[in-house]
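In the working numbering, the protein residues as written are 26 to 375.
Built from N, CA and C at the ideal position, the CB exists for glycine as well.
Reviewing the structure listed below.
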């Protein structure tokens with residue numbers, strides 16, 4: 026009796042390689058042209074065939090080229106998050122953006138444009154020129170170092186720009202009020218000799234935090250001592266020497282408290298204090314700014330000014346989506362900060 030052999034099913038592509046449109050066509054038993062029509066929503070393919078092709082696309086995890094898709098459709102369905110480097114502050118913002126993008130129909134592309142840590146001048150424009158139009162439909166640029174005017178190729182929202190809110194829609198936090206509340210907390214504990222480990226002189230956020238520091242002291246009738254203000258640059262490596270200058274007993278009367286421009290500087294200052302034999306908070310109180318995760322895992326846990334970083338990221342995304350839909354979001358959104366009291370502050374030593 027003659028038997029009929031079962032047809033050999035089309036072979037699946039090897040798991041290690043990228044799935045191509047030819048792989049989809051072979052497994053689905055159709056031509057490459059048919060697959061192209063289906064994935065690009067073109068007419069001329071029977072419903073049952075289209076269903077079979079889409080099932081194979083799903084099974085194999087096929088993705089068409091993002092650049093090719095953008096050229097065909099005029100959009101990518103992707104929003105970019107551009108940072109100079111991935112550090113705790115930008116990472117927390119990214120978490121907020123990522124949580125908010127769900128259900129919007131957009132995907133995220135996170136891109137670091139100056140990963141040498143030196144803050145390459147113009148990294149924002151170079152990054153936007155590489156990504157705009159072919160890889161992203163719009164971008165959130167975190168702490169841009171230059172004004173991004175409206176002549177960029179895609180809609181842009183800035184988060185905490187170096188120069189302050191100008192050029193593009195901007196999200197930031199109330200740096201001045203937050204800094205003032207940090208110093209007021211130290212004053213309420215009884216401190217009078219309060220130092221400031223500031224951020225970079227060219228950053229608007231650093232200027233505003235120093236302004237809040239000065240306002241709080243002046244309101245308490247305390248003259249600002251220039252010897253108690255040092256530039257820490259927002260980075261532990263840059264903050265090391267000025268932190269040692271502030272805490273060096275040979276330099277004169279030491280401060281009993283320090284307000285640092287950000288958490289990373291504050292945490293490093295506590296490490297320097299420990300090296301010098303100072304106890305925090307028994308001998309020295311320390312307050313930071315940002316409330317990054319490292320602030321509550323430091324030893325001791327750091328009192329700090331919390332920026333609503335996740336909300337800042339979510340609001341920046343909301344503003345960008347409004348731009349992409351042809352709307353006009355508010356030009357500047359400034360969010361409130363809050364003081365988070367932990368174990369790094371106490372009354373000054375007797």
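Exclusion of the five residues before and after residue 202 leaves 237, 362 as the residues of its chain whose Cβ lies within less than 7 Å of its Cβ. For residue 292, the enclosing alpha helix (DSSP H) begins and ends at 288-300. Where residue 81 is concerned, the enclosing alpha helix (DSSP H) starts and stops at 72-85. In the structure shown, the three-state DSSP call for residue 238 is helix. In the same chain as residue 53, and ignoring 5 residues on each side of it, the C-beta atoms closer than 6 Å to its own belong to 77, 78, 81, in chain order. Of all alpha-carbon atoms in 103, 111, 151, 149, the one lying nearest the alpha-carbon of residue 129 is that of 103. Look at residue 116 here: in three-state DSSP terms it is helix. Each of 344, 69, 370 was checked against the Cα of residue 197, and the nearest Cα belongs to 344. No Cβ-Cβ contact shorter than 8 Å links residue 306 with residue 231. Residue 274 sits exposed, since fewer than 16 C-beta atoms from the chains shown fall within 10 Å of its C-beta. Contact annotation, residue 131 with residue 315: C-beta distance approximately 27 Å; criterion of less than 8 Å not satisfied. Under the three-state reduction of DSSP output, residue 253 falls in the helix class. Taken through DSSP and simplified to helix, strand or coil, residue 210 comes out as helix. Straight through space, the alpha carbons of residue 291 and residue 308 are spaced by roughly 15 Å. For the 8 Å CB-CB criterion, residue 167 and residue 233 do not form a contact. Inclusion of residue 219 and residue 282 in the CB contact set at 8 Å is warranted, their separation being smaller than that value.
Assignment of beta-bridge partners to residue 359 by DSSP yields 197.
In the pairwise beta carbon analysis, the stretch 199-213 is classified as not touching the stretch 253-271: fewer than three pairs are separated by under 8 Å.
Its chain contains 38, 85, 86, 87 as the residues whose beta carbon lies nearer than 7 Å to that of residue 44, once the 5 sequence neighbours on both sides are disregarded; these appear in chain order. Residue 366 is classed as exposed because its beta carbon has fewer than 16 other beta carbons within 10 Å across all chains shown. Around the beta-carbon of residue 259, 16 or more other beta-carbon atoms lie within 10 Å, marking it buried. In the DSSP assignment, residue 328 falls within the beta strand (DSSP E) that extends over 328-331.
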